[in-house]
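Visitor: As given, the protein sequences belong to chains S and D, one line each in that order. If you read the first sequence in our numbering, its first letter stands for residue 1303, the second for the next number, and so on. If you read the second sequence in our numbering, its first letter stands for residue 1303, the second for the next number, and so on. Note that beta-carbon positions come from the ideal geometry of N, C-alpha and C, so glycine has one too. Since the structure is predicted, the reported quantities are computational estimates derived from the model, not experimental observations.
Protein chains: 2
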Amino acid sequence: MNVVEQLQEVRKWTKRRDEKNRRMSLVKSWLRGSILPTDHIVNALEALISSGDKVALEGNNQKQATFLSGALSKLDTHKVNNLHMLISSISRPEHLDIFEKGIARKLDFAYAGPQSLRIAQMIEDRLIEVGVIHTYLELYGRMFIDLIPNIALVAADKADLAGNLYTGPNTEETPTLVEATAFSNGIVIVQVNEIVDELPRVDIPASWVDVIVVADKPYQLEALFTRDPRQITEMQILMAMMAIRGVYERHQVMSLNHGIGFNTAAIELLLPTYGASLGLRGKICKHWALNPHPTLIPAIESGWVESIHCFGGEKGMEAYIAARPDIFFTGKDGSLRSNRAYCQMAGMYGVDLFIGSTLQMDEEGNSSTVTSGRLAGFGGAPNMGSDPHGRRHSSPAWLDMVSNEGTIVRGKKLVVQMFETFQKGDQPTFVESLDAVAVGQDANLPIAPVMIYGDDVTHVITEEGIAYLYKAQNLEERKLALAAVAGVTPLGLNHILSLNEQLRKDGLIAFPEDLGIRRTDAKRSLLAAKSVEELVEWSDGLYKPPGKFRSW
Amino acid sequence: MNVVEQLQEVRKWTKRRDEKNRRMSLVKSWLRGSILPTDHIVNALEALISSGDKVALEGNNQKQATFLSGALSKLDTHKVNNLHMLISSISRPEHLDIFEKGIARKLDFAYAGPQSLRIAQMIEDRLIEVGVIHTYLELYGRMFIDLIPNIALVAADKADLAGNLYTGPNTEETPTLVEATAFSNGIVIVQVNEIVDELPRVDIPASWVDVIVVADKPYQLEALFTRDPRQITEMQILMAMMAIRGVYERHQVMSLNHGIGFNTAAIELLLPTYGASLGLRGKICKHWALNPHPTLIPAIESGWVESIHCFGGEKGMEAYIAARPDIFFTGKDGSLRSNRAYCQMAGMYGVDLFIGSTLQMDEEGNSSTVTSGRLAGFGGAPNMGSDPHGRRHSSPAWLDMVSNEGTIVRGKKLVVQMFETFQKGDQPTFVESLDAVAVGQDANLPIAPVMIYGDDVTHVITEEGIAYLYKAQNLEERKLALAAVAGVTPLGLNHILSLNEQLRKDGLIAFPEDLGIRRTDAKRSLLAAKSVEELVEWSDGLYKPPGKFRSW
């Protein structure tokens, strides 16, 4: 026997497949095809999951595998413990309960908005061992590399008897989690709302799926991307006018992603009014990587928008989307197909601009939404809010960011931060040191959890004006431009006002008057819709807002 | 009628769907289910494609939709012309013939290796209007944003009578092109090698597909990732030893992507010998984003490799992969599922290191494989060979690249360039100005087509030593470190040798002796396999190399 033969003798190459077959044989008698009776779920999970497994549990921003996460939290810790959870968005209490109970031990995640306070405390108390905190794309990427799931627990709308799945508009991350698991001999377990004879369309083929279970009630779905226009202030309208005039028009921004705040909702609602008055329809903002924001309805109806690709769906927008197939990605059945991984990829690599808001920014332009005691994670913002150095295709906006001379240059993605100089409660947004630094230290993170780094930011918009950071030749100039729009925050008060004339001349800053904007014009009457009710009107009754947004 | 009603009156929202239905009705009588008779393909394409359409034609590195691209080149230009082609890899003569004939006019592409000379000439002659040159991920991303296909022409192995598709190991970009087209009311046309009663597995569901046609012969598949160990030189072995010692071991590189050259093949073949002698098994190189390189077989068989996710397949590796499901991503049927988009995403975001080679590098570390008169495009290298600024998760290797101090820092992806100081024909690799600069000007590109920018490169390895560029505090230090390993090229000859002692002390460069490597140890006898025949032996006969690699 030579060395090669000896090595092959000892090594087995089908451990994952054999183990999968072993576990599946334990539940075989309960299955009809791949369908498991609802009341067998806890027993089945105890048979199919082994201690120490890597378990990908679907937790999106919106769609939650609530039935499966609930069942997981009921497992007998003598049978199943020390799981390594992969959860993109920690949204449900039971996502953390399983750590308190000892069912799970290690956690890789991307976002923990609703649970950010509790998760920070549990990490400090060593109830959770954090792998690392990712962005969505990184976590998905590593599921194909070194965080390969043994188990996927996901949610779909419907299954047929053959085991094919229909996810409906909130396709989101389901296909990605399933692909990573199914093709590595992991076990794919799906909760569905119902089993039907014929699916509207197939989103995931039966041959990728192992176990299907009808949930006791439909999966949770959150309307996270709905902003009521009533709450948009005139300060936000002023900033939105500056964004349209001083960024979108100036750089011919054709494709973009918006954050989910009221600031960007204001921009969406100004396109058909202020934007139209500037003659910009068809010249900016034609292509979007965006969840179906209801506040974009007036711009769509007014012919501004050519296409929207979505990370996920949005409650209430189903009928409107189905009636606008030229704009939205929809299947043969007419309903949306979203895709979180592809939309993040497109939002990072395929668009001119990202614009979002933040809670804190330091004097170098680093920013974070992490505030004291809360560990919210990153979500997808850093994917979009960074300059992708691998980008090689150009567009007018991207080329506008070329700031150095020479034969070897490159453009930049436009990364815009837009916020008021003070947050509610009179906390200055510009701070000496980000809270993220202390939070990172408390949670023993290797580096501070910065959401967007200053060297990636090209523009900062406050109610004072715009800082054109991409024009700064060095860190000093970047700091000066920021201080010039920092208002009466400590950073702004220390700024030497006499420098502003030169900064304006150099194009490093612009005030509203430099952009032809009168502060007194920033009125709520400019909004194309001033309430959710008016959004419904614009949609011809197709948009059906969830109850909490109905005030009429 | 109010303004909203007026706008809605004039706007139609189902143009794409209506147009698709109109076109499909023209071919309906020829279809049985979705299956079109082979000899009807030209007529069918003339009915289904309209002048000016955006047409995504599957051209991977490996798998080519040859039957469909051949049919496309036979269209009557009076009926179909001025198409806007989206082709990730220009590999076939007919990919360019259609431009000469006037069937197509505009081109967005990512790579044009085999056709790089002809494409450069055709652009200069204005036979092709180039949209822009992308990397793969950018082109895929934009297919969901502003380059949404009207038509997809793709290749699969098999279809069933219901219209489901099995792509086999070379899944590659097919699902991505189909998703972008199917969910935007485009028309998806698939060539298959055969129609069967039952598929081994479903890669793409029938509800995403419109027309299936059995090709006159199987699609073309190229073995592009096979390197014959016979051709590996001792110079390459020396550099490979430096890479293992001075980069992989030093930074604990656990997950990585290799380029396709002989340099990296040498590393793969040294892991089970030189790497083992350093006690590194299990400590480096466990997880890979990589095509199934045959030269990785000895490392797999020796227990170095835990997982490999693939962009595509490789001819001859099918049976070996099917027998190693713990390592490769395989379906229930046992065959590989590759995925170009996900693997690029993982290779960019999810791994510690990219290492590749280049033909030219300038004194600042910018590099390109574009040489005079050839416009090869970018492919996927810039995705992998750049620092992804959106990355937020850390690993020991990534943290090792933190070079500045302070509370706000971040790591870097390891981007390694490895090449000999002279190319064949005694052309120095270090040049004063990249040929890419002139080629870009000739082709009227907005900026020079640089493959990897100097500021993204962390390490350069030549036969002289390693330049640790991530340690350079400024451009001057970066230039000095590069010159120190530039040998007797003009750049190297101008370097002041007396500086080297300080550069070594500062850790900016290392010579083989600094790494404990004797140049005389770099022998071919170190290779775990010295020929393709020995790779076959390592694989226990499972690897079945294509004829051109069989010399025994």
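In terms of DSSP beta bridges, what is D/L1558 paired with?
Guide: For D/L1558, which the question treats as bridged, DSSP gives the partners D/W1590, D/L1655.
Visitor: Name the chain S residues that come within less than 7 Å of D/S1650, Cβ to Cβ?
Guide: The amino acid at residue 1650 of chain D is misidentified as Ser; the sequence shows Met. Result: G1692.
Visitor: In the DSSP assignment, find the unbroken alpha helix (DSSP H) run with S/K1807 in it and report its ends.
Guide: Where S/K1807 is concerned, the enclosing alpha helix (DSSP H) stretches over 1802-1807.
Visitor: Rounded to the nearest angstrom, what separates S/I1855 and D/R1428 at their Cα positions?
Guide: The question about residue 1855 of chain S has no answer, for chain S in this structure spans 1303 to 1854.
Visitor: For chain D, check one thing: does any of its Cβ atoms lie closer than 8 Å to the Cβ of S/T1668?
Guide: Correcting the residue identity first, residue 1668 of chain S is Asn in this sequence and not Thr. S/N1668 counts as touching chain D.
Visitor: Using the beta-carbon of each residue, which ones in chain S are nearer than 8 Å to D/H1436?
Guide: Result: R1694, H1695.
Visitor: Work out the CA separation of D/I1506 and D/V1515 for me, nearest whole Å.
Guide: Those two C-alpha atoms are separated by around 15 Å.
Visitor: Which residue wins for smallest C-alpha separation from S/Y1651, given the options D/G1361, D/V1382, D/I1447, D/L1347?
Guide: Per the Cα distances, D/I1447.
Visitor: I need the DSSP call for S/H1386, collapsed to helix, strand or coil.
Guide: Note: S/H1386 maps to strand in three-state DSSP.
Visitor: What residues of chain D sit near S/I1447, judged by a beta carbon separation below 7 Å?
Guide: Neighbours of S/I1447 on chain D, chain order: S1557, H1589, A1591, S1609, H1611, A1648, G1652, V1653.
Visitor: Following the continuous beta strand (DSSP E) through S/S1371, name the residue where it begins and the one where it ends.
Guide: That residue, S/S1371, is in no beta strand (DSSP E); its alpha helix (DSSP H) goes 1368-1374.
Visitor: Does DSSP put D/L1523 in a helix, in a strand, or in coil?
Guide: Strand, per DSSP.
Visitor: Just tell me which of D/W1315, D/S1604, D/V1456, D/A1567 has its CA closest to the CA of D/G1584.
Guide: The shortest C-alpha separation from D/G1584 is found at D/S1604.
Visitor: Helix, strand or coil for D/D1462, going by three-state DSSP, please let me know.
Guide: D/D1462 falls in the strand class under three-state DSSP.
Visitor: Measure from the alpha carbon of S/S1371 to the alpha carbon of each residue in S/R1394, S/N1383, S/S1486, then state which is nearest.
Guide: When each option's Cα is compared against that of S/S1371, the closest is S/R1394.
Visitor: What are the residues of the region 1478-1493 of chain D that lie near chain S, defined by any Cβ-Cβ distance shorter than 9 Å?
Guide: Those residues of the region 1478-1493 of chain D that come within reach of chain S (Cβ to Cβ, closer than 9 Å) are T1478, E1481, A1482, A1484, F1485, S1486, N1487.
Visitor: Hey, is the region 1650-1670 of chain S in contact with the region 1478-1491 of chain S, meaning 3+ C-beta pairs nearer than 8 Å?
Guide: With the cut-off at 8 Å, the region 1650-1670 of chain S and the region 1478-1491 of chain S do not touch.
Visitor: Going along the chain, which residues of its own chain have a beta-carbon closer than 6 Å to the beta-carbon of D/A1406, five neighbours each way excluded?
Guide: Closer than 6 Å at the Cβ level, and outside the excluded window around D/A1406, lie L1385, M1387, I1400.
Visitor: For a contact defined as C-beta to C-beta under 8 Å, what are the partners of S/S1466 on chain D?
Guide: Strictly speaking, residue 1466 of chain S in this sequence is Asn, with Ser absent from that position. Under the 8 Å cutoff, chain D gives P1507.
Visitor: Which partner residues of D/D1410 appear in the DSSP bridge assignment?
Guide: D/L1388.
Visitor: Confirm, please, whether the CB-CB distance from D/V1511 to D/S1331 is below 8 Å.
Guide: No. Outside cutoff.
Visitor: Which of helix, strand or coil does DSSP assign to S/K1356?
Guide: DSSP places S/K1356 in strand when its eight states are reduced to three.
Visitor: On the DSSP bridge list, what partners appear for S/M1720?
Guide: DSSP, once it has assigned bridges, lists S/I1763 as partnering S/M1720.
Visitor: Under 7 Å between beta-carbons, which chain D residues line up against S/D1628? List them in chain order, please.
Guide: The answer, in chain order, is W1315, T1316, K1317, R1318.
Visitor: Are the CB atoms of D/K1832 and D/P1531 nearer to each other than 8 Å?
Guide: Yes, the pair counts as a contact, with Cβ atoms nearer than the cut-off.
Visitor: Just how far apart, CA to CA, sit D/A1457 and D/I1392?
Guide: Taking the straight line from one Cα to the other gives about 15 Å.
Visitor: Express the C-alpha separation of D/I1435 and D/A1367 in angstroms, rounding to a whole number.
Guide: Between D/A1367 and D/I1435, the C-alpha separation is close to 21 Å.
Visitor: Would you list, in sequence order, the uninterrupted alpha helix (DSSP H) runs of no fewer than 4 residues that lie entirely inside the region 1461-1495 of chain S?
Guide: If we require 4 residues or more, the alpha helix (DSSP H) runs fully inside the region 1461-1495 of chain S come out as 1476-1484.
Visitor: Write down every uninterrupted run of the beta strand (DSSP E) in the region 1585-1634 of chain S whose length is 3 residues or greater and which is fully enclosed by it, in chain order.
Guide: Listed in chain order, the complete beta strand (DSSP E) runs (minimum 3 residues) inside the region 1585-1634 of chain S are 1589-1591, 1609-1611.
Visitor: What are the boundary residues of the beta strand (DSSP E) that D/Y1576 is part of?
Guide: It is not in any beta strand (DSSP E) - D/Y1576 carries neither H nor E in the DSSP assignment.
Visitor: Rounded to whole angstroms, what is the Cα-Cα separation between S/L1736 and S/F1721?
Guide: C-alpha separation (whole angstroms): 15 Å.
Visitor: Would you kindly report the start and end of the unbroken beta strand (DSSP E) that includes S/V1516?
Guide: Run containing S/V1516: 1513-1516, per the beta strand (DSSP E) assignment.
Visitor: Could you tell me which chain S residues have their CB closer than 7 Å to the CB of D/V1834, listed as they occur along the chain?
Guide: Going along chain S, no residue has its Cβ under 7 Å from D/V1834, so there is no contact; the nearest lies around 15 Å.
Visitor: Check whether the Cβ of S/E1665 lies closer than 8 Å to any Cβ atom in chain D.
Guide: Chain D, which has no Cβ nearer than 8 Å to the Cβ of S/E1665, makes this no.
Visitor: Of the residues S/L1701, S/T1764, S/D1758, which one's Cα is nearest the Cα of S/F1724?
Guide: If we check each option's Cα against that of S/F1724, S/T1764 comes out closest.
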